[in-house]
Structure formats: structure tokens, C-alpha cells
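Chemist: So the sequence shown is numbered by our numbering: it starts at 591 and just counts up by one. Beta carbons: idealized from backbone N, C-alpha and C, even for Gly. Quick one: this structure, given as C-alpha cells, is what I'll be asking you about.
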Amino acid sequence: MDGVQRYDGNWVMTSDTKEGVDYIVTYAIPSWDQQFGKVGPDWPNAIDTNSIFKPGWIGLHSLDGKISIGDSNGNNYAYKIPCYETDEPILDPNGNAGTGHDYGYDGDVEVYPDADGKGGSTVLWCGAIYGFGVFRGQNVPAAITQQPLSATKTEGESITFTAAASGGANSYQWLKDSVPIPGAIAPGYTIDRLKLSDAGKYRLRVINRLGNVETSDANLMVVVDDVPPTIASIAAGENPTKTAFWVTLVFSERVTPDTAGSTNNYAISGGVVIPDVVVNSETTVTLNTSAQTEGTEYTLTVNNIKDQSRRGNVIAANTTRKYTLALTPGYLLWEFYPNISGTAVDALTGDPTYPDNPARREFLTSFSTIPEFTADFADTYGARVSGWLTPSVSTNYYFFLRSDDASELWLSSDNNPNNQTLAAQETICCHGFLEPDDVNNTGQTITTPIALVAGNRYYIEALFKEQGGGDYVEVAWRKQGDTTPAANLTPIPGNFLSTYRSAPPPKFGPPTVSGGRITIAWIGSGTLQESTNLISWAGVSGNPASGFQVTPGLGEHKFYRLVQ
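Below you can see the structure in the form of C-alpha cells.
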């Protein structure tokens, strides 16, 4: 960038000695008055709120590169910045009609190319912050800095080709087998749900006024999907009042909704009935069931589930998974109720789907929805977060609530949800955790601490409602006498929380190395298997528990996985 000037009523700047300008680039500003203010006769030393000099058009001379203010009709200027006019003249300090009309930019970035522009000629950028700014920058030839990579994929998968180029100004066009792909005009190109016909050679063309360049070809091979779907994970649960029970299955790949949504394709031992199947996504279904007994091992049997490949591979006959529903530490239940307008919690509790028929259920690992869903998950919905709180110290506790939008915190005097009472509420939105005596505390923080006994379970529940924008709910606690500022508190962690669910899928922790020995640890239940080639797998001898140690030999390599 070579320079910037502001219009002071007498502005001429020579910016291009070539024949004609190469580009005129404009950008949007929301309001002329808001951006330029009221400019008086002694500008820029002061701003006079009684007068303003504003042109109706900005003109750029295309022959000698001089930049000056054109008249209100834009006469004698080959290029004009697009804008709208109100046709209301502005008076100058003497009461005469001003130099232009009130107007603003039309909201678009527009580029006017000069087909005869010479190499190395300049780019003119006209913008505004209390004046007109003119910048100059040289056109730079394009050069490829990142080549797209070849790949082999299975049909139904997705792929993203990425390339990059220096220089400017650049535009882009992807080609397949030398033919431009409609709409593929960004440095990256993604194909979702690959078909066999998507195989081919892909490259990016970089279009630049000083000459186009192209990447090398990336060869894409798409192979037939001949692998049947499997069950990737299973999670069973019950709501806190034991009026709803379910099993959620995640399949290893996209499956057809007609086979996944049929109750005839599922069976649960122990006489458990499956009256309804909800297809949550192309890979996930929820089986709503009759009552299940805590602590009882159940066997789920699945048949006839077909994937979305051309072959329509079918899950192995009588695929089974075992699970046990139990009070499981480390989790809270999150239930999602969509399509409910308003910000009041009453809109949630008055909805016919509440409480037993949420559209979706997940498990949280702390008393916060943010880690699982970020702080902007959806709009026009309500949610319930529930479970049991078990303190490790007998003392008095303050509770702190924050949410977007409104929320309520309910706490029981024991483990029975029927004994819950309202502890705190956020009636508006978006406060942080507040001290009990904060002037902004209108109920988000309890003012009288609650006595809790170590080892006892207390039912706890947060309801919150979201209309639009950000959305979350978080609950923190603090022992009486603790001087940690409320603003520094964090949501209650999972080690004090529990809810009813089946054992979660096993998950490896980071391995540790000491004295040449590698320790492999994990959480959840699963069988440890090993392989030397990622193809053939076998159970590790002795079926070890978490904390398994191995001493690899020189040049030896092994892979490990957990199977539920």
C-alpha cells in the first residue's frame, strides 16, 4: 500500500501513470452520515455539526489517473463507484445547495476490470472513514504455493481438495478431467457422498490479469463400498423420573432410513418392548423402549440394516451388543426440545413434548452445555439438564446460575426428583456468575447457602430456554467461606455428578513411557486388541485392564484398539 488521503474539499492525487486504471474496488459502508460525520469548513481540525460537504458520485479519471471529485451527475468520468442517491441536496455553510446528494454504497464489492491494463499497473481502492481513502498496490503474478493431493476413497465418503496461490488479484476455477466444475470457484473444493463417477483428475486454475496458472492434477480413485455397516457405539438411558427409557445406536456409516427406522429390525432381551424408533441422523437412531431394570444386563439384536452404498451392504445377521443401565458417575443427561418460541422457561414446561418426548438426548461431562454444543447450538428450543449431585465435603454451598436465554435451577433435598424446589433463576439473559450481594443478582445466585452432606446424592436440574443467538446454561457452586470470586468459578465438574446410562464407549488416554516401558490406560469397559498390520486383530493375552504395560523390542511395532 502506497498511501491514503482524505477529502478536504480540494483533493487531486496522481496515482497511475499508465493508460487507464486496472481496477476500481469499492466496499460497503452502512451509512454515509455514520461513517463520514458532519464535516465543517475548517476540517480536518474540527467537525462542524451544522454542515457537510458530500459528493453525489466519486469519479476516477481513466486517462491520466488523476483522482478528483466529480459533479453530482458524474460528468466526464469514465468510472463511477456504484451507490444509491436520495436526491436530497445538502446545504453548505452558506445555505447554498451542497456539492452533491446524500447517498451510501450499495453494499456490494464490485470490480471493474480494464482489459487493456498493462502488467505492473496499479489497483485503486476507494473507501471511507470520515473521508475518502485511496490506496495503491501493484498487481502480482500468480504462483502456485500448494498443490492438491491425490487420494483413494470409498464411495459414500467425502473429500476436500485444497490448493493455494500467491499473487493477486486472483480468482479460481476447479476442473475435473480438464472441464470446469460449475460453482467450484474457491481455493478448496469438497465433494460429499462420493460416487464411483466422481473418480478423475482434479486441478485448480488460478485466474490472474497477468496470466493464469494451474496446479498439477490430483488423481481421485473411488472404490466400491463392499463393507457392511456395524454398530459403532450404543448408549442406553432413562430420564430422572423413570418415565422414559431408550437405547441410542450409532452405526459405522450412513444407513438407509427405511431399514434403520423399522422396529422389526431390533429386539431387546428380557421382554423389553420397542414401540418406536426415531431416526436422528443418517448414522444414528434412538429406540424408545418399555421400562428397563437398573443393573440388569440386556442384549440388543439388530438385523437387516442396509448402508447407502450402490450395493446396499447389510449388517451381519443377528448382530448383538450387551449393555447394563446403571447410575454412572461423571455425567448429566441433556434433553433437547426443538421448535419452541420465546425466552421464558414456561414455554418449555408448557410444551406437549416436555418432559418425556425430547427430540434428542446426550450426556454432558460437567454442568455446562458449552463443551458439548459450543455456545451457539440452535435457536427456538428448550432443554433440560438433569442428574444427581454428590458433595465430598459436608458444609453449606452457594449455587450460581448463568444462561442464554432464561433458565431455572432446581435442587432436591434428597435423591428424589419429586422433592426439588427452585434454587435460582435467570429471567433475562447472559450474566456471568454473580456474587450473592451483587446489585445485578436478581435470583441467579442464591443468597442463603444450602447445607449438603458428604456422600449423599441430591437430585439437581436446570431448565433453559433459547430464542435466538447464543445459547448455553452453566451451574457452579462454592463452599461457604471460600473467597474465590464468582467471576472465577467454573461449572461443577463431572466427578460430583451422575445419571443413569449404560457404560460409555471405552476411550484411550495418552500413553506414558518410563524406563522403556509403555503404559496404555483407558476409561470405560472394553477388550484390548493388538495388531501388527491394522488388518488382523487379536485379543491381548490375559485380557488386561487399564494400565497395561508393554516393552517393545528393537524394530517392533504394534497397534492397539479397544472393542466393546
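Go to T873, then tell me how far its beta strand (DSSP E) extends in each direction, as first and last residue.
Modeler: Element bounds for T873: n/a, residue is neither H nor E.
Chemist: Using only CA atoms, which one of P772, N829, P819 lies nearest to T1089?
Modeler: Measuring from the Cα of T1089, the nearest candidate turns out to be N829.
Chemist: Assign I930 to one of three DSSP states: helix, strand, or coil.
Modeler: I930 falls in the coil class under three-state DSSP.
Chemist: Considering only the beta carbon of each residue, do A949 and K1055 sit closer than 7 Å?
Modeler: Their beta carbons are not under 7 Å apart, which means A949 does not touch K1055 by this criterion.
Chemist: Label Q1070 either buried or exposed according to how many other C-beta atoms from any shown protein chain fall within 10 Å of its C-beta, with 16 as the threshold for buried.
Modeler: Burial call: exposed.
Chemist: Would you mind listing the alpha helix (DSSP H) stretches within the region 816-850 that are 4+ residues and don't spill past its ends, in chain order?
Modeler: Here the runs fully enclosed are 847-850.
Chemist: Can you give me the C-alpha to C-alpha distance between A1076 and T1032, rounded to a whole angstrom?
Modeler: Spanning the two alpha carbons is a distance of roughly 15 Å.
Chemist: Would you say the region 960-967 touches the region 1015-1030, given that touching needs at least three Cβ pairs under 8 Å?
Modeler: With a cut-off of 8 Å, the region 1015-1030 and the region 960-967 do not count as touching, because too few Cβ pairs lie within range.
Chemist: With 16 other CB atoms within 10 Å as the buried threshold, where does F1149 fall?
Modeler: By the neighbour-count rule (16 or more Cβ atoms within 10 Å), F1149 is not buried but exposed.
Chemist: Roughly how many whole angstroms lie between the Cα atoms of G851 and A1041?
Modeler: Approximately 48 Å between the Cα atoms of the pair.
Chemist: Using a 10 Å radius around the Cβ and a threshold of 16 neighbouring Cβ atoms, would you call A753 buried or exposed?
Modeler: Classification of A753: buried, given that the 10 Å Cβ count is 16 or more.
Chemist: Following the continuous alpha helix (DSSP H) through F963, name the residue where it begins and the one where it ends.
Modeler: Taken as a continuous stretch (DSSP letters only), the alpha helix (DSSP H) holding F963 covers 960-963.
Chemist: When the distance is taken between beta carbons, is D941 closer than 7 Å to G1060?
Modeler: The answer is no: Cβ separation not under 7 Å.
Chemist: When DSSP builds the beta bridges, which residues end up paired with R1047?
Modeler: In DSSP, R1047 forms no bridge with anything.
Chemist: Report the residue ranges of all beta strand (DSSP E) runs contained in full by the region 1084-1117; include only those spanning at least 3 residues, in chain order.
Modeler: Entirely contained in the region 1084-1117, the beta strand (DSSP E) runs reaching 3 residues are, in chain order, 1087-1091, 1102-1104, 1107-1110.
Chemist: Whole-angstrom Cβ separation of N809 and S740, contact assumed at under 8 Å?
Modeler: Between S740 and N809 the Cβ distance is about 4 Å, and since that is below 8 Å, they are a contact.
Chemist: Which same chain residues, not among the five before or five after D1027, have their C-beta less than 8 Å away from its C-beta?
Modeler: Closer than 8 Å at the Cβ level, and outside the excluded window around D1027, lie T1037.
Chemist: Among the residues of its own chain, which have a CB less than 8 Å from the CB of N1046, if the five just before and after it don't count?
Modeler: Excluding residues within five positions, the ones whose Cβ falls inside 8 Å are T980, P981, D1004, N1005.
Chemist: DSSP state of S748, grouped into three classes?
Modeler: Here S748 sits in coil by DSSP.
Chemist: Taking A937 as part of the alpha helix (DSSP H), name the residues at either end of that continuous run.
Modeler: From DSSP, the alpha helix (DSSP H) with A937 extends over 935-939.
Chemist: Compare the beta carbon distance of A916 and E884 with 7 Å and say whether it is the shorter of the two.
Modeler: Result yes, Cβ atoms of A916 and E884 sit closer than 7 Å.
Chemist: Could you check whether T1035 and F1158 sit closer than 7 Å to each other, using their CB atoms as the reference points?
Modeler: Given a span of 591 to 1154 for the chain in the structure shown, any question on residue 1158 remains unanswerable.
Chemist: Who does G977 pair with in a DSSP beta bridge?
Modeler: Answer is I1050, bridged to G977.
Chemist: Can you give me the C-alpha to C-alpha distance between E887 and D995, rounded to a whole angstrom?
Modeler: Going from the Cα of E887 to the Cα of D995 covers about 40 Å.
Chemist: Take V869 and list the residues in its own chain whose beta-carbon comes closer than 6 Å to its own, dropping the five residues that flank it on each side.
Modeler: Answer for V869: P847, A850, G851, V875, listed in chain order.
Chemist: Strictly by DSSP, which residues pair up with Y921?
Modeler: In DSSP, Y921 forms no bridge with anything.
Chemist: Return the first residue and the last residue of the beta strand (DSSP E) that Q1057 is part of.
Modeler: First-last for Q1057: undefined, no H or E at that position.
Chemist: Three Cβ pairs or more, each shorter than 8 Å: is that satisfied between the region 758-777 and the region 815-828?
Modeler: No, they do not touch.
Chemist: Give the range of the beta strand (DSSP E) segment to which S761 is assigned.
Modeler: First-last of the beta strand (DSSP E) with S761: 760-766.
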